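Structure, as structure tokens:
There are 2 protein chains.
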Amino acid sequence: MSDINQDLLKERLRCTFDRKELTILIDGGPDKHRDRKEKDAVMLHSKFEGVPEDYLSYVEKFENSIKESVEMFSRVRRLQEQGKTTMNNYREVMANILRSTVVRDGSPMGLHYFMFLPAIINQGTEEQQAQWLDRAWNCNIIGSYAQTELGHGTFIRGLETTATYDADTKEFVLHSPTLSSYKWWPGGLGHVANYCILVAQLYTKGKCHGVHLFIVQIRDEDTHEPLPGIKVGEIGPKLGFNSVNNGFVGFNNVRIPRNQMLMRNSQVLEDGTYVKSKNDKLNYGPMIFVRSVIFGDSVNFLSKAVTIAVRYSAVRRQCPRKSGEPEVQILDYLTQQHKLFISIATCHAMRITANKLWDIFNVVTKELHDGTYKRLSELHALACCLKAVGTSDAASLVERCRLACGGHGYMRSSNLPNICQQISAACTYEGDNTVLLLQTARFLIKTWQQIDSGKLTPTVDYLNTARSKSHPGKWVNSIENIVRAFEIVSMRKISSCVENMENKVASGVTFEDTWNMCSVQLISAAEAHCRVILLSSFYEDIHASSKTVSPELRVVLNQLLDLYTVYWALEKLSDLLQYTSITSEDVQRLQAWYEDTLVALRPNAVGLVDAFDLDDMVLGSTLGSYDGKVYERLMEDALKSPLNSGKINYTFYKYLKPFMEGKL
Amino acid sequence: MSDINQDLLKERLRCTFDRKELTILIDGGPDKHRDRKEKDAVMLHSKFEGVPEDYLSYVEKFENSIKESVEMFSRVRRLQEQGKTTMNNYREVMANILRSTVVRDGSPMGLHYFMFLPAIINQGTEEQQAQWLDRAWNCNIIGSYAQTELGHGTFIRGLETTATYDADTKEFVLHSPTLSSYKWWPGGLGHVANYCILVAQLYTKGKCHGVHLFIVQIRDEDTHEPLPGIKVGEIGPKLGFNSVNNGFVGFNNVRIPRNQMLMRNSQVLEDGTYVKSKNDKLNYGPMIFVRSVIFGDSVNFLSKAVTIAVRYSAVRRQCPRKSGEPEVQILDYLTQQHKLFISIATCHAMRITANKLWDIFNVVTKELHDGTYKRLSELHALACCLKAVGTSDAASLVERCRLACGGHGYMRSSNLPNICQQISAACTYEGDNTVLLLQTARFLIKTWQQIDSGKLTPTVDYLNTARSKSHPGKWVNSIENIVRAFEIVSMRKISSCVENMENKVASGVTFEDTWNMCSVQLISAAEAHCRVILLSSFYEDIHASSKTVSPELRVVLNQLLDLYTVYWALEKLSDLLQYTSITSEDVQRLQAWYEDTLVALRPNAVGLVDAFDLDDMVLGSTLGSYDGKVYERLMEDALKSPLNSGKINYTFYKYLKPFMEGKL
């Protein structure tokens, strides 16, 4: 299977730009590109051979994931020993690798790296770090992060698990008072982790001080048996992530020493006195960080899906244009281009916006350490809406890619089902998308109330400019004008929400009820704001990079910008029709522009997904491999089914034959 | 667990209408209601006990599905023996039961009933029926239906499998000339069926006569071994339907007797002379039938999903409205109502439209048998767009229901993942939705060309009326006006496509290229037409039934009609803004109307899903059971995981512990 499908070969020959130039641009420059390739070389190719995972039982999948995770993290350890990974960059090293590539359906050790370690680093005192960090960093202990309960996810203040300080013994007593207070979901907690960070309501001297973090040992380090008073297990099968070993845990008056509360910010003194954190805003940091990671990660899912779908669409032929002619590559159908190319453009728009988000994150984090919080709520609102809109867009586009591959996209071996199942989880975890958009809306409403002061933080400053144009000017079909139009839409939606809310409150409705009554419109306003961020970030970046990239690449990047912008103008047309001066004739021209851009991108479609530079192992797809041997791989994979061994299954003799003979 | 969750109890007490009246209305009257209940009593409760299916390996799932299918069809056989099922109504009997209820992830014997038997009935001669029908009806043989190939789905004329007549031996020689010609997908073909209907290119006297159907034995009836020259197996894991045993088959010059071509319509005489069918349009019947079934079935998936999500939302509480108050049922959040109630309304709109489709189907089928074909293409176009829009709407709404259940909706035990996976397959099978919409578009374009003749078939007759109103009148926010507005939108989209196409053709573009260039807009026009059908069918039916239902139910049905109509007006607002005189103020009032209707429906939400009358066994959901014991069931189900047996898994000793000790 070493040769390449002829259609793919031709596609690559007709590509008009240098794919490597684009790959390096995506990676963030030659150094980062080299670094990624180097680490990929170590981390990939660690797959165990054997029956493909999709044939295994739930328990076998678990066992497989342990084998694979241990192998993978042993490689990470070797990188560490070579000094190539330090605590400063390990997240980066993991990010692309951990997420559904080597360990395809998730790793039970992910949370150890993504939440257990960071919690100790960020919230532990120096003594606590000295006590725990080395052992955790070297994986001598493996931790999880237990926050969500059976009965509580969104409303963290409502968590029921308690940690009550006993000044006599200088211990905290951990307790799960109800079934609904059982922790539920933490990755790896079921049968892998022997420690966890526990989020529980702190009680001391008879008073509740809200949720705090505790380091809790769950299992014996030697025997792996659950410690006394702890009921721990795994929560059962899910839509995806079935190798993550998500667990539950309940406590029956379990005691831990006082120094296992993470006390960098708040403390409980020996006598039980509670010392409040000087700055509880610092807790926002990790939450914002995780949501930013998730937003950036959406690109990984989407680029995989669209690479698979575009390559398959270049190989798959169906229907001759005219009777007697050869059948057409389905990539030549405008409807197929309409389904797929927006995903390519979205990968770039989201990647660029994610970079911008990280820039702001770094600025604000630095300010936080300097004691300045003025952009914290802006950053929080930004991460919320980008996580919500980004995962939601990616989830629907991944599904669109899958559907575009027809029946074969329904095969597990295409890997599209798995990608769908993983990205769709991202719409829920670490903040349900609806809840997050309402968080952003709350910030926008507050921002509006300050608009007359004239001083708005950078990402909402456009509201001032947009408001000053009370009558929108004549419509122009240009990218810049569309971006400005989205600013007006966002501004109008926010101001309309404010007006509706003021009217309701004035008529005697409570603020809480008003908020609920306006929530559908508030969500729409928050999304509109997020569209402005995505569109303007993409626009500004392409505009700026035009000076540095080659002319050939510049053309293609601008086509992607056009496609993305015009696509969203058409998607949100009802807003433009209501809030700008766009006419039906303009709309027709926009539609033509959109379709012309699809056709213009067509010759470079395969080149554009090749430039994502995703290894066949990362894609893990019969439909998407670099060589395009689609049908050969589909059959080869099917033949691995244990049912295809040639033996007649016992159910034939026991059930099927007697049934056919009328004996059952 | 016999008592009922208190919140659900309260919801049921506040319901303002008689749920049983609505259930009977949904079932189609008291007789059909009684009939369904009677058959449910026989068919349900046949589940095997043991480890839940989601923990099993692929092979174990297969074995389980054989056990369950044989049990289920033995019950069907008993119904037959009692005279309660005849060939005339067996499809009806199956429909609700077969599809993902008793056999949760699909049955490998489904195609035997849905396609193998009907093919013999519809396309076999009387002699062939005498030879095969009894044995098939009694399940002495089990058949599949093999059409789709690895390389061909949509373009049936491009199928590669050949059946070449050999006049010397009076046999057909079946052959698979390429890898891509292997049949791929037929349900049950892998290891269950011993016969299949094969769709192959007929060659006789050196000439190809296109695809025809053949009865082909695949496996020995006694040993179940594949017959010589036949390579058969199963295609491997899929997103869903993993119990269906979808198979592949290839033929190496396999011979079958002449009388195994189904010859009711076309024939091959002994000497090899081909006798063409007098009416090849008869072949459309089964295709239209299957698509109509799928459209009607979408309601089953959606009603299950929304029943689960609404009950869960009544039980789940999250966040107090004000600090100190009890937490709120999430069903009280407007955003949650916005996510869920449209699904309830859609179930009714689609059920009603499906009934209308069946009425037309019966009329046209009768006409066909009388030799009249004038409404055949109308019916075909109608079934195409309803299948496409119906499955696509249902798929996105089912996913919306799943997401509305947060993390717990991601649990397999909620059954929502399974429902998502099944309905999403329906967007592809039996005609990819994009291809089907283009079929409808083709009919609409042809219809437009006859519009001046003034005589259009009933379902497109509105185009004439809509065209006569060249300037839309003043906008009124009423259901009737919105329905009329959608007619105008459809008319304008079709006429705009025609105009664009004429311009392109006039400028020298071939018709085929023009079609492709306009295809995105053609799909949009076909969808707009389908919206007219759905909205007007719902409107007319509720209007008519108002005279017969109780006043209490009438109120609620009208609220559902309002909700559905206004929801779609807001969804398709850009069309209304472009093609009607609706103003921004009208839009604001529409939005308020929509939100007020959500609030009005809130007290009856649980009553409305209760009225779908879905047994807990049909729902198969920890979140959706009638008693609302959500958390108890989640935990109970998790404890069934074999990993939770208490034993430490061997991977701890072999991998995890050595890794933690730094020895790996």
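Chains as they are written, first to last, in the working numbering: chain A, 1 to 664; chain B, 665 to 1328. The C-beta atom is built at its ideal place from N, Cα and C for all residues, glycine as well. Predicted model only: the values in this text are computed from it and were never measured.
Next on the checklist: Please report whether the beta-carbon of residue 719 of chain B lies at a distance below 8 Å from any beta-carbon of chain A.
Outcome noted: yes
Item to check | Classification of residue 872 of chain B by the beta-carbon crowding that lies within 10 angstroms, buried from 16 upward | outcome: exposed
Next on the checklist: Looking at chain B, is there any beta carbon in it that lies within less than 8 Å of the beta carbon of residue 347 of chain A?
Outcome noted: no
Item to check | Distance, residue 558 of chain A Cα to residue 1033 of chain B Cα | outcome: 59 Å
Checklist entry - Taking the C-alpha atoms as reference points, what is the distance between residue 763 of chain B and residue 965 of chain B? => result Bear in mind that a pLDDT of 48 at residue 763 of chain B, under 50, signals an unreliable position, so the number given afterwards is only what the model happens to contain. Straight-line Cα distance between these residues: approximately 9 Å.
Item to check | Under 7 Å by beta carbon: chain A residues contacting residue 880 of chain B | outcome: By Cβ distance, chain A contributes nothing, its closest Cβ being about 17 Å from residue 880 of chain B, past 7 Å.
Next on the checklist: For chain B, check one thing: does any of its Cβ atoms lie closer than 8 Å to the Cβ of residue 238 of chain A?
Outcome noted: yes
Item to check | Enclosing alpha helix (DSSP H) for residue 482 of chain A [first to last residue] | outcome: 479-506
Checklist entry - Which chain B residues sit within Cβ distance under 7 Å of residue 310 of chain A? => result Those within 7 Å of residue 310 of chain A in chain B number zero; the least Cβ separation is about 16 Å.
Checklist entry - Out of curiosity, what's the CA-to-CA distance linking residue 275 of chain A and residue 154 of chain A? => result 27 Å
Item to check | Contacts around residue 52 of chain A, its chain only, beta-carbon distance under 6 Å, and the 5 residues preceding and following it disregarded | outcome: 640
Item to check | Nonlocal neighbours in the same chain, by C-beta distance under 8 Å from residue 345 of chain A, ignoring five residues either side | outcome: 560, 561, 563, 564, 567
Checklist entry - Got a sec: is the Cβ-Cβ distance from residue 67 of chain A to anything in chain B below 8 Å? => result yes
Checklist entry - Roughly how many angstroms separate the alpha carbons of residue 1016 of chain B and residue 1039 of chain B, rounded to a whole number? => result 21 Å
Next on the checklist: For residue 808 of chain B, list the residues DSSP reports as bridge partners.
Outcome noted: B:860
Checklist entry - If contact means a Cβ-Cβ distance below 7 Å, which residues of the stretch 965-990 of chain B contact chain A? => result 982, 983, 985, 986
Next on the checklist: Threshold first: 4 residues or longer. Then list the alpha helix (DSSP H) segments lying entirely within the stretch 428-477 of chain A, N to C.
Outcome noted: 433-449, 462-468
Next on the checklist: Residues of chain B with CB closer than 7 Å to the CB of residue 335 of chain A, please, in chain order.
Outcome noted: 1098, 1183, 1184, 1187
Checklist entry - When the Cα atoms are used, what is the spatial distance from residue 624 of chain A to residue 612 of chain A? => result 13 Å
Checklist entry - Where does residue 204 of chain A sit, in a helix, a strand or coil, going by DSSP? => result strand
Item to check | C-alpha gap between residue 841 of chain B and residue 865 of chain B, whole angstroms | outcome: 12 Å
Next on the checklist: Please report the straight-line C-alpha distance between residue 452 of chain A and residue 1066 of chain B, rounded to a whole angstrom.
Outcome noted: 42 Å
Checklist entry - Helix, strand or coil for residue 43 of chain A per DSSP? => result helix
Checklist entry - Does residue 5 of chain A have its Cβ less than 8 Å from a Cβ in chain B? => result no
Checklist entry - Taking buried to mean at least 16 other C-beta atoms within 10 Å of its own C-beta, is residue 1298 of chain B buried or exposed? => result buried
Next on the checklist: Counting only beta-carbon separations shorter than 8 Å, does residue 764 of chain B have a partner in chain A?
Outcome noted: With a pLDDT of only 44 at residue 764 of chain B, under the threshold of 50, the placement of this residue in the model should not be trusted; the figure read from the coordinates follows. No, its Cβ sits nowhere closer than 8 Å to a Cβ of chain A.
Item to check | Residue interval of the beta strand (DSSP E) (run including residue 1017 of chain B) | outcome: Careful: residue 1017 of chain B lies outside any beta strand (DSSP E), inside the alpha helix (DSSP H) at 998-1033.
Checklist entry - For residue 830 of chain B, which residues does DSSP report across the bridge? => result B:835
Item to check | Residue of B:1092, B:1004, B:1191 minimising C-alpha distance to residue 1049 of chain B | outcome: B:1191
Checklist entry - Are any of the Cβ atoms in chain B nearer than 8 Å to that of residue 417 of chain A? => result yes
Checklist entry - Using a Cβ-Cβ cut-off of 6 Å (strictly less than) and excluding sequence neighbours within five positions of residue 1326 of chain B, which residues of its own chain qualify? => result none
Checklist entry - Between residue 794 of chain B and residue 780 of chain B, is the Cβ-Cβ spacing less than 8 Å? => result no
Item to check | Beta-carbon separation (whole angstroms), residue 224 of chain A vs residue 1316 of chain B, contact threshold 8 Å | outcome: 5 Å
Item to check | Distance between beta carbons of residue 846 of chain B and residue 1306 of chain B, contact taken as under 8 Å | outcome: Actually they are not in contact, since the Cβ atoms of residue 1306 of chain B and residue 846 of chain B sit about 37 Å apart, beyond 8 Å.
Next on the checklist: Tell me which residue opens and which closes the beta strand (DSSP E) that residue 915 of chain B is part of.
Outcome noted: 911-915
Item to check | DSSP bridge partner residues for residue 897 of chain B (one or two, in chain order) | outcome: B:912
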